[in-house]
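Novice: As they're listed, the protein sequences go chains H and S.
Residue numbers for the first sequence follow this note's numbering, so the first one is 144 and each next one is one higher.
Residue numbers for the second sequence follow this note's numbering, so the first one is 60 and each next one is one higher.
One structure, as structure tokens, below. Some questions next.
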Amino acid sequence: MTARDNIPPAIASRVPFEVSELIGSLPVLESEEQSLYWQMFQNLAVPLEPEDVHEWMLVKTIADCDWQAIRYERIKSRIIDLRFKEALVNILRSILEEETIKHSREQDAQELAEDWFTDPNTKRAILRHLFDYGLSGGSIVAEATRLSMPDLAGLERMAESVERRRCIAHRELEMWREGKRLRRLAKGDVALKALPLIPGKETELSPR
Amino acid sequence: MPKSKIDVNRRNARRSTGPRSARGKARSAQNARRHGLAGANPLGALSKEVEALARALVGDDLDPERLVNARTVAQMEVMLGRICDARIALINRQLKKQIGRIRPAEDRSECDEATAAKQEQGALHADDFGEAEALVRVLPELLRLERYEARALARRSRALLFLSR
């Protein structure tokens with residue numbers, strides 16, 4: 144199976160061979176849907192109308208960047224959720240009252256945090272206890288966000304870099320097209336239309 | 060480990076002279092290799108692919124300076140593909156580890172009731188959160204790859220600027 148076999152037929156017929164070899168490197172994870180990537184690639188290729196190898200390469204760069212940006216956005220909220228239990232333990236540890244502790248402050252906080260997910264009664268009791276201290280479910284999310292700050296900062300750096308790359312690719316695409324237009328103009332393939340000096344009478348400039 | 064066993068291991072290790080066959084030597088030469096992006100010639104075996112891409116970029120134009128820049132663009136494009144592969148492989152490898160550590164949803168029949176209930180409630184992040192956890196774990200390595208990517212992009216941009224003229 145070649146890299147080209149992975150490309151959906153609707154796109155494969157238009158993609159130059161050299162680019163299809165590069166397209167073998169897809170930014171799709173095993174947990175992601177490849178068909179969605181191709182759908183996005185196609186949606187991008189239609190309005191941008193890539194004409195040559197270089198333009199296809201840049202369209203692929205833009206598609207890859209878009210795909211990764213979506214992934215980082217999706218993961219950001221999940222990172223906070225990942226720290227939810229740890230955040231709950233942190234808060235419980237600090238608000239557990241001495242006379243209610245069965246084993247140790249740490250162990251009780253751990254057990255209560257485990258029960259938060261399985262026992263609705265415990266969850267209600269914890270929320271009531273939080274309320275007594277002027278806290279709420281939002282406080283757990285805030286603590287979870289605080290705990291995930293280093294990871295979020297790293298992810299933010301990656302997202303920024305993807306965004307920068309995407310902008311560069313768009314700029315390069317414009318630059319390449321402009322260069323191509325000027326080269327064709329120099330060869331005389333394209334006539335440069337000048338503004339008419341006399342309305343209704345268009346002047347055609349010869350290249351150079 | 061008992062001291063006698065340690066001594067035996069040390070004696071045996073002293074007798075070892077490393078790989079002897081050419082194949083073994085070639086393999087052990089790659090022991091320290093991580094992603095191959097920092098080597099002197101990271102694209103050694105891909106020169107044909109680079110050449111084909113460079114030729115496609117310049118088309119009929121045989122100006123040597125344009126060809127040199129087209130080669131740089133092609134090289135960097137292949138390099139960027141490699142970096143993309145390395146990044147995806149890193150996350151995928153970690154994802155597989157996560158699945159081994161946390162039971163996936165389809166294995167719930169084998170779990171005890173309490174574990175299954177926790178999975179149901181989302182306390183054990185099997186499928187939904189595996190991706191996020193995997194990414195967080197490999198984040199430092201992913202950030203290191205950014206350096207290679209930035210360099211490749213800068214080189215591609217410079218060469219492209221020349222080609223666009």
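Backbone N, C-alpha and C define an ideal beta-carbon position, used for all residues, glycine too.
I need the boundaries of the alpha helix (DSSP H) containing residue 106 of chain S, first residue and last residue.
Specialist: Your numbering for residue 106 of chain S matches position 47 in the second sequence. Start and end: 106–117.
Novice: Excluding the 5 residues flanking residue 259 of chain H on each side, which residues of the same chain have their C-beta closer than 8 Å to its C-beta?
Specialist: On the first sequence, position 116 is the one that residue 259 of chain H refers to. Contacts found: 228, 231, 265, 266, 269.
Novice: From residue 216 of chain S to residue 292 of chain H, what does the alpha carbon distance come to, in whole angstroms?
Specialist: In the second sequence, counting from the first residue as 1, residue 216 of chain S sits at position 157. In the first sequence, counting from the first residue as 1, residue 292 of chain H sits at position 149. One C-alpha to the other measures close to 33 Å.
Novice: Ordered along the chain, which non-local residues of its own chain (more than five positions away) have a Cβ less than 7 Å from that of residue 197 of chain S?
Specialist: For this step, residue 197 of chain S is matched to residue 138 along the second sequence. Result list for residue 197 of chain S: 149, 150, 153, in chain order.
Novice: Is residue 109 of chain S closer than 7 Å to residue 127 of chain S when the C-beta atoms are compared?
Specialist: One-based indexing of the second sequence puts residue 127 of chain S at position 68. One-based indexing of the second sequence puts residue 109 of chain S at position 50. Contact check for residue 127 of chain S against residue 109 of chain S fails: the beta carbons are separated by 7 Å or more.
Novice: Give the range of the alpha helix (DSSP H) segment to which residue 293 of chain H is assigned.
Specialist: In the first sequence, counting from the first residue as 1, residue 293 of chain H sits at position 150. Taken as a continuous stretch (DSSP letters only), the alpha helix (DSSP H) holding residue 293 of chain H covers 292–330.
Novice: Helix, strand or coil for residue 150 of chain H per DSSP?
Specialist: Translated into the one-based positions of the first sequence, residue 150 of chain H becomes position 7. Coil at residue 150 of chain H, not helix or strand.
Novice: Under 8 Å Cβ-Cβ, which residues of chain H neighbour residue 151 of chain S?
Specialist: Within the second sequence, numbered from 1, the residue matching residue 151 of chain S stands at position 92. Here the neighbours are 172, 173.
Novice: Determine whether the beta carbon atoms of residue 218 of chain S and residue 132 of chain S lie at a separation below 7 Å.
Specialist: Counting from one through the second sequence, the residue named residue 218 of chain S turns up at place 159. Counting from one through the second sequence, the residue named residue 132 of chain S turns up at place 73. Yes. Within cutoff.
Novice: Less than 7 Å between the C-beta atoms of residue 223 of chain H and residue 287 of chain H, yes or no?
Specialist: Mapped onto the first sequence, residue 223 of chain H falls at position 80. Mapped onto the first sequence, residue 287 of chain H falls at position 144. Yes, Cβ-Cβ distance for residue 223 of chain H and residue 287 of chain H is below 7 Å.
Novice: Considering only residues of the same chain and omitting the five flanking positions on each side of residue 151 of chain H, which have a CB-CB separation below 7 Å?
Specialist: Numbered from 1 along the first sequence, position 8 holds the residue referred to as residue 151 of chain H. For residue 151 of chain H, where only same-chain residues beyond five positions count, the Cβ hits under 7 Å are 181.
Novice: For residue 301 of chain H, collect the residues of the same chain with a Cβ closer than 7 Å to its Cβ; drop the 5 residues on either side in sequence, then sort them by chain order.
Specialist: Mapped onto the first sequence, residue 301 of chain H falls at position 158. Within the same chain, and ignoring the five residues on either side of residue 301 of chain H in sequence, the residues whose Cβ sits closer than 7 Å to its Cβ are 215.
Novice: Closer than 6 Å: is that where the CB of residue 82 of chain S sits relative to any heavy atom of the ligand NAD?
Specialist: Absent from the structure shown: the ligand NAD. Ligands present: none.
Novice: Residue 204 of chain S and residue 146 of chain S: beta carbons closer than 7 Å?
Specialist: Reading the second sequence from its first residue, position 145 is the one you call residue 204 of chain S. Reading the second sequence from its first residue, position 87 is the one you call residue 146 of chain S. Yes, these two residues count as a Cβ contact at 7 Å.
Novice: Quick one: list the residues of chain H neighbouring residue 191 of chain S, beta-carbon separation under 7 Å, in chain order.
Specialist: Reading the second sequence from its first residue, position 132 is the one you call residue 191 of chain S. The contacting residues are 218, 221, 222, 225.
Novice: What do you get for residue 244 of chain H, buried or exposed, if any count of 16 or more other CB atoms within 10 angstroms of its CB means buried?
Specialist: One-based indexing of the first sequence puts residue 244 of chain H at position 101. Exposed is the call here.
Novice: With DSSP as the reference, label residue 60 of chain S as helix, strand or coil.
Specialist: Along the second sequence, one-based indexing puts residue 60 of chain S at 1. Residue state, collapsed to three classes: coil.
Novice: Among H/284, H/324, H/310, H/218, which one has its Cα closest to the Cα of residue 296 of chain H?
Specialist: Taking the first sequence and counting its residues from 1, one reaches residue 296 of chain H at position 153. When each option's Cα is compared against that of residue 296 of chain H, the closest is H/218.
Novice: Alpha carbon to alpha carbon, how far is residue 253 of chain H from residue 170 of chain S? Give it in angstroms, no decimals.
Specialist: If you number the second sequence from 1, residue 170 of chain S lands on position 111. If you number the first sequence from 1, residue 253 of chain H lands on position 110. Because residue 170 of chain S carries a pLDDT of 46, less than 50, the predicted location of this residue cannot be relied on, and the following value inherits that uncertainty. So the two alpha carbons sit approximately 21 Å from each other.
Novice: Can you list, in chain order, the residues of its chain whose CB lies under 7 Å from that of residue 248 of chain H, leaving out five sequence neighbours each side?
Specialist: Numbered from its first residue, the first sequence carries residue 248 of chain H at position 105. Only 236, 239 meet the Cβ criterion.
Novice: Candidates H/330, H/294, H/234: which alpha carbon is nearest residue 281 of chain H's?
Specialist: For the purposes of this step, residue 281 of chain H is taken as residue 138 along the first sequence, with counting starting at 1. The shortest Cα separation from residue 281 of chain H among H/330, H/294, H/234 belongs to H/234.
Novice: Within 10 Å of its beta-carbon, does residue 200 of chain H have 16 or more other beta-carbons around it, so buried, or fewer, so exposed?
Specialist: The sequence position of residue 200 of chain H within the first sequence is 57, counting from 1. Residue 200 of chain H is buried by the Cβ-count criterion.
Novice: If you draw a straight line from the alpha carbon of residue 159 of chain H to that of residue 124 of chain S, how long is it in whole angstroms?
Specialist: Locating residue 159 of chain H in the first sequence gives position 16, where the first residue counts as 1. Locating residue 124 of chain S in the second sequence gives position 65, where the first residue counts as 1. Distance between the alpha carbons of residue 159 of chain H and residue 124 of chain S: 24 Å.
Novice: Please report the distance separating the alpha-carbon of residue 75 of chain S from that of residue 144 of chain S.
Specialist: Counting from 1 along the second sequence, the entry for residue 75 of chain S is found at position 16. Counting from 1 along the second sequence, the entry for residue 144 of chain S is found at position 85. Here the C-alpha atom of residue 75 of chain S lies approximately 36 Å from the C-alpha atom of residue 144 of chain S.
Novice: If you count every other CB in all the chains shown that lies within 10 Å of the CB of residue 207 of chain H, and 16 or more means buried, which is it?
Specialist: The residue given as residue 207 of chain H occupies position 64 in the first sequence. Residue 207 of chain H comes out buried.
Novice: Name the residues in the stretch 182–201 of chain H whose C-beta lies less than 7 Å from a C-beta of chain S; which are they?
Specialist: Here the close residues are 196, 197, 200.
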